[in-house]
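Mapping the sequence shown onto the numbering used here, position 284 (from 1) lands on 301, and the numbers just tick up by one. These notes concern the structure reproduced below.
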Amino acid sequence: MAAHLQKSKSNLSKLFPIFIIFLIIASAGLALFKVSQKDHVLAPQIALIKVTGEINSVMAEELSKTIDKASKDSDIKAIVFEINSPGGSVLPSKEIAEKIKAISKPKVAWIREVGASGAYWIASATDKIVADPSSMTGSIGVIGSYLEFSKLFDKYGVTYQRLVSGKYKDAGSEFKNMSAEERDYLQGKINKLNQMFISAVAENRHMDKFYVESLATGEVFLGVEAFENKLVDVLGGKAEAQRTAEKLAKLKSSRFVEYKTEKGFFELLNSGADVAAYWAGRGIGDAITPETSNKIEFSATI
């Protein structure tokens, strides 16, 4: 019995130094964790807001809420918009751009892969634009298009009965051939929307309107080409976007905090329907006419 107790004491004495070493290592690790955690918490925050996919009314509403949250958060010192969008409907693009422009905090657009057309309009509303050299941007212009089936109807003996209260009420209907007068009428609308686009970019970017107009051919520029044409300010990726935001906010260091608004069930359904319509060839966005009851199919997108 005595021998057994003596053996147990001997084993404990051997384990004791190991236990002490373990405690020292654990304490040091915990201290380092607390220091790093403290530094992490104290690092100034930059909000990262993603602008992804087709620009439509649902996106505009969601982004508006997200921007409000980031703007009101006192811990947020700057905002970076990560853009990956081919563009979209005219009005939502304009609304988002105006919302961004009104932000008092430093704001940077980061064009990751695609930031074209309406997405470029949005990017132009920030203080600085960062674009990957291989990204696609620009595409300043407006498009209006629809499918016209009048000849197909003629082939199968289908007729279009026209009952309207005004001569332009069914301008752009896919069921009849477009007249020269109607073409001029709709082209005029497209031209006015295009001028709004050009004027907004020129004002936001502090550029000469005629210079922007010379670039408004609908051409898609690579990031490096956009930089040469002064459509973007810096070439780079996420790290460069962060550094640019830090410079604007006069920060020595920072960390990204992603801000996003969760979609409700009906918003998801609406968004899905918009995307389906887009890929079906209806164009990006809504019809330029406010009325949907007359089923005009002509759509203007950017």
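Ideal Cβ positions, reconstructed from N, Cα and C, are used throughout, including at glycine. Remember, it's a predicted structure, so these values are computed and weren't measured experimentally.
Measuring C-alpha to C-alpha distances from Gly104 to each of Gly70, Glu263, Ala119 identifies Gly70 as the nearest. In the three-state DSSP reduction, Ser162 falls in the strand class (E or B). A direct Cα-to-Cα measurement between Trp127 and Ser151 gives close to 13 Å. The beta carbon of Ser134 sits closer than 6 Å to those of Gly104, Ser156, Ile319, all from its chain and outside the five residues before and after it, given in chain order.
Scanning Gly161, Glu191, Glu275, Ala219 for the CA closest to the CA of Phe170 turns up Glu191. Taking a 10 Å sphere around the C-beta of Lys111, we find 16 or more other C-beta atoms and assign the residue as buried.
Rounded to the nearest angstrom, the gap between the Cα atoms of Ala136 and Lys122 is 20 Å.
The beta carbons of Asp187 and Arg200 sit about 14 Å from each other, so the pair does not count as a contact at 8 Å.
Counting only unbroken stretches of 3 or more residues, the beta strand (DSSP E) elements lying wholly within the stretch 114-155 are 124-133, 145-148, 153-155, in sequence order. Boundaries of the alpha helix (DSSP H) harbouring Arg200: 197-222, taken from the DSSP string. Counting along the chain, the unbroken beta strand (DSSP E) around Lys94 starts and ends at 93-102. Non-local C-beta neighbours of Val237 in its own chain, meaning closer than 8 Å and more than five positions away in sequence, comprise Ala133, Met153, Thr154, Gly155, Ser156, ordered along the chain. Leu239 is bridged by DSSP to Met153.
With the rule of 3 Cβ pairs closer than 8 Å, the stretch 70-83 does not count as touching the stretch 237-253. With a contact defined as Cβ atoms closer than 8 Å, Ala262 and Ile63 qualify at about 5 Å. Separation of Ser141 and Arg272 (C-alpha to C-alpha, rounded to the nearest whole angstrom) is 24 Å. A check of alpha carbon separations from Asp92 across Glu99, Tyr163, Ala60, Met76 identifies Ala60 as the nearest. Taken through DSSP and simplified to helix, strand or coil, Arg179 comes out as coil.
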